[in-house]
Every structure is written in C-alpha cells, then in structure tokens.
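> Numbering-wise, this note's numbering comes out as the position in the sequence shown, counting from 1, plus 6. What follows is a structure written as structure tokens; I'll ask about it next.
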Amino acid sequence: ATIPCSLRGTVVEALHNPTVDTNIMSEFLAETLLGKMPLVSTNKLFKSPSGLVFGCCGIAREVPIKIDKIEVSIDFHIYAILEFDILIGYPLENLSKKNLPM
7 ATIPCSLRGT VVEALHNPTV DTNIMSEFLA ETLLGKMPLV STNKLFKSPS GLVFGCCGIA
67 REVPIKIDKI EVSIDFHIYA ILEFDILIGY PLENLSKKNL PM
C-alpha cells in the first residue's frame, strides 16, 4: 500500500509494509531532501523485491516526517535503490504513538 507523507515540505508517496522491520529511503531522495545530514555507519543489507542485494549507505537518525497530519521523527536506512523512494516498515499506529510524551 502507498501512503502520502511530507518530508521537509515535499510530499512523497511512501510504500507501507508493516512486516518489514525498518524504514528505508533511496540515496537519491536522501541527498535531495536531507542534504548533508550525517549518516550513522552500518553494515545492514537489503534484498529488493527483484532479488538484488544492496549495502546500506548509512542511517539517517530522527528524520522529521509528517504522516496523516502527525509529525514523527524516525530513522531511515539509506540505500542506493531505484525501486522506490521511501518504505515505511512499521505499523502506522505505532508511529503515531512514538512521539507522545510519557
């Protein structure tokens, strides 16, 4: 399923798959919208739906994104992938609770 979201004022269509255990952003979109945001090093791999395996460019921490009028800050693993721009891999109801005060 796709969901509209806003990242730094730009509206993008994100794929949503709650069975995936991470959030993924394409390297191109990260460079375009996040600029020189520092990435945390990781060696996590991603196997795309077409079977290609990609090494992670790094993790962008606490990226502010607006989903369904709710702004949350989530981490994105950045990959040089062309099959999609953004994949949200958590149940949306968990994201909306993530930034609520304890």
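Glycine included, each C-beta is placed from N, C-alpha and C at the ideal position.
Compare the Cα-Cα distances from Leu45 to each of Thr38, Asn29, Cys63, Ser56 and report the closest residue.
Cys63
> Is Ala20 helix, strand or coil by DSSP?
strand
> When DSSP builds the beta bridges, which residues end up paired with Gly64?
Ile84.
> Compute the Euclidean distance between the alpha carbons of Lys72 and Val59, then round it to the nearest angstrom.
Approximately 29 Å between the Cα atoms of the pair.
> Mapping DSSP to helix, strand and coil, what is Glu89?
Three-state DSSP puts Glu89 in coil, outside helix and strand.
> Please check the pair Leu35 and Ile92, which I expect to be a contact at CB under 8 Å, by giving their CB distance rounded to whole angstroms.
That pair is a contact at about 7 Å.
> Hey, how far is the Cα of Leu106 from the Cα of Glu68?
Note that Leu106 scores 44 on pLDDT, short of 50, meaning its location in the model is unreliable and no value can be drawn from it.
> Quick one: Cα of Val78 to Cα of Ser56, how far?
30 Å
> How should Asn49 be labelled, buried or exposed, when 16 other C-beta atoms within 10 angstroms of its C-beta is the threshold for buried?
exposed
> Compare the beta carbon distance of Ile84 and Glu19 with 7 Å and say whether it is the shorter of the two.
no
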